[in-house]
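Novice: Numbering (the working numbering), first residue to last: 1 to 205.
1. Which of the three DSSP states, helix, strand or coil, is assigned to residue 79?
2. Counting only runs that start and end within the region 103-149, where is the beta strand (DSSP E) found for 3 or more residues in a row?
3. Where do the N-terminal and C-terminal ends of the beta strand (DSSP E) with residue 3 fall, by residue?
4. List the residues that DSSP assigns as beta-bridge partners of residue 85.
5. What do you get for residue 144, buried or exposed, if any count of 16 or more other CB atoms within 10 angstroms of its CB means buried?
6. Taking 7 Å as the threshold (beta carbon to beta carbon), is residue 110 in contact with chain C?
7. Extract the residue ranges of the alpha helix (DSSP H) inside the region 147-204, only unbroken runs of 4 or more that lie entirely within it.
8. Closer than 8 Å by C-beta to residue 70: which residues in its own chain qualify, once you throw out the five before and the five after it? Chain order, please.
9. With distances taken Cα to Cα, identify the nearest neighbour of residue 34 among 57, 25, 27.
10. For the alpha helix (DSSP H) containing residue 59, list its first residue and its last residue.
11. In chain order, what residues of the same chain have a beta carbon less than 6 Å from the beta carbon of residue 80, not counting five sequence neighbours either side?
12. At what residues does the beta strand (DSSP E) containing residue 24 begin and finish?
13. What residue range does the beta strand (DSSP E) around residue 44 cover?
14. Taking its Cβ as the centre, do 16 or more other Cβ atoms sit within 10 Å of residue 161, making it buried, or is it exposed?
15. Decide if residue 182 is buried, meaning its Cβ has at least 16 other Cβ atoms within 10 Å, or exposed.
16. Would you call the region 188-203 and the region 159-173 touching, i.e. three or more CB-CB distances under 8 Å?
17. Using the C-alpha atoms, what's the distance from residue 27 back to residue 2?
18. Could you check which residue in 137, 68, 120 has the C-alpha nearest to that of residue 196?
19. Within the continuous beta strand (DSSP E) that includes residue 29, where are the two ends?
20. Is residue 184 near residue 123, with beta carbons less than 7 Å apart?
21. Kindly indicate the opening and closing residues of the beta strand (DSSP E) around residue 8.
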């Protein structure tokens with residue numbers, strides 16, 4: 001577990017598809033006085049231990065169904081955490097993980113200091129999360145909708161099962177935001193998160 005900001009920790013990389021060496025996933029733990037949030041998921045046992053050392057998890061948020069696996073049940077049983085995901089993918093999460101989301105959403109919601117933004121395209125239930133840290137930065141978690149490849153090139157998560165029109169609309173919606181840091185779920189090994197350092201950088205991406 002690597003601390004990247006005062007209240008934000010990044011897990012080690014996992015390789016979901018052995019045939020695609022440069023595709024990795026990471027999860028992010030937001031530490032908060034009233035309960036930590038885990039964005040995405042990790043199946044690494046030592047990272048589960050690190051999460052416990054940092055106070056465990058109050059709620060876990062999935063960006064889309066591809067994050068569903070046995071780790072969801074392990075995390076829930078270990079920390080008694082509440083699993084959240086988009087309602088349209090809840091059944092698929094249950095089939096893949098053996099546990100369904102405790103709570104679901106179908107549209108935008110505000111969970112205290114976390115904004116839930118369903119933005120379909122990569123998958124029907126793809127969701128971004130916006131967190132305004134009390135330490136001054138705004139974190140945007142984009143899931144697999146957009147991220148940087150190993151060369152640092154911004155890439156949209158358009159795959160054969162994706163909906164092109166929805167993804168285009170989602171990218172336009174994301175471009176309206178003004179994040180300080182963008183954190184994807186599964187993209188290149190070298191750029192798991194990107195800090196925006198110049199005006200217009202995110203819109204250009």
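For every residue, glycine included, the Cβ atom is placed at its ideal position computed from N, Cα and C.
Specialist: By the coordinates alone:
1. Numbered from 1 along the chain shown, position 79 holds the residue referred to as residue 79. Residue state, collapsed to three classes: helix.
2. As far as the region 103-149 is concerned, its whole beta strand (DSSP E) runs of at least 3 residues are 103-105, 109-111, 114-118, 127-132, 138-143, 146-148.
3. Here the question's residue 3 lines up with position 3 in the chain shown. Annotation: the continuous beta strand (DSSP E) that includes residue 3 extends over 2-5.
4. Taking the first residue of the chain shown as 1, we reach residue 85 at position 85. In the DSSP secondary-structure assignment, residue 85 is bridged to 104.
5. Translated into the one-based positions of the chain shown, residue 144 becomes position 144. Buried: at least 16 other Cβ atoms inside 10 Å.
6. No chain C appears in the structure shown, which is made up of a single protein chain.
7. Along the region 147-204, the alpha helix (DSSP H) occurs as fully enclosed runs of 4 or more residues at 164-175, 201-204, listed in sequence order.
8. Position 70 of the chain shown holds residue 70. Excluding sequence neighbours, residue 70 sits near 43, 97, 98.
9. Along the chain shown, read from residue 1 onward, the residue named residue 34 stands at position 34. Nearest to residue 34 by C-alpha distance, out of 57, 25, 27, is 57.
10. Taking the first residue of the chain shown as position 1, residue 59 is located at position 59. In this chain, residue 59 is not harboured by any alpha helix (DSSP H); it is covered by the beta strand (DSSP E) spanning 59-61.
11. One-based indexing of the chain shown puts residue 80 at position 80. Same-chain partners within the cutoff: there are none.
12. By one-based count along the chain shown, residue 24 stands at place 24. From DSSP, the beta strand (DSSP E) with residue 24 extends over 23-25.
13. In the chain shown, residue 44 corresponds to position 44, counting from 1. No beta strand (DSSP E) holds residue 44; DSSP gives it neither H nor E.
14. By 1-based counting over the chain shown, the position of residue 161 is 161. The residue in question, residue 161, is exposed, as its Cβ has fewer than 16 Cβ neighbours within 10 Å.
15. Taking the first residue of the chain shown as position 1, residue 182 is located at position 182. It counts as buried.
16. Below 8 Å, too few C-beta pairs join the region 188-203 and the region 159-173 to call them touching: fewer than three.
17. Position 2 of the chain shown holds residue 2. Position 27 of the chain shown holds residue 27. Cα to Cα, the separation comes out at about 11 Å.
18. Here residue 196 corresponds to residue number 196 of the chain shown, with the count starting at 1. Cα-wise, what sits closest to residue 196 is 137.
19. Within the chain shown, numbered from 1, the residue matching residue 29 stands at position 29. Its beta strand (DSSP E) spans residues 28-30.
20. Looking up residue 184 in the chain shown gives position 184. Looking up residue 123 in the chain shown gives position 123. Note that the C-beta distance between residue 184 and residue 123 is not below 7 Å.
21. The residue given as residue 8 occupies position 8 in the chain shown. 8-10 is the span of the beta strand (DSSP E), which, as asked, contains residue 8.
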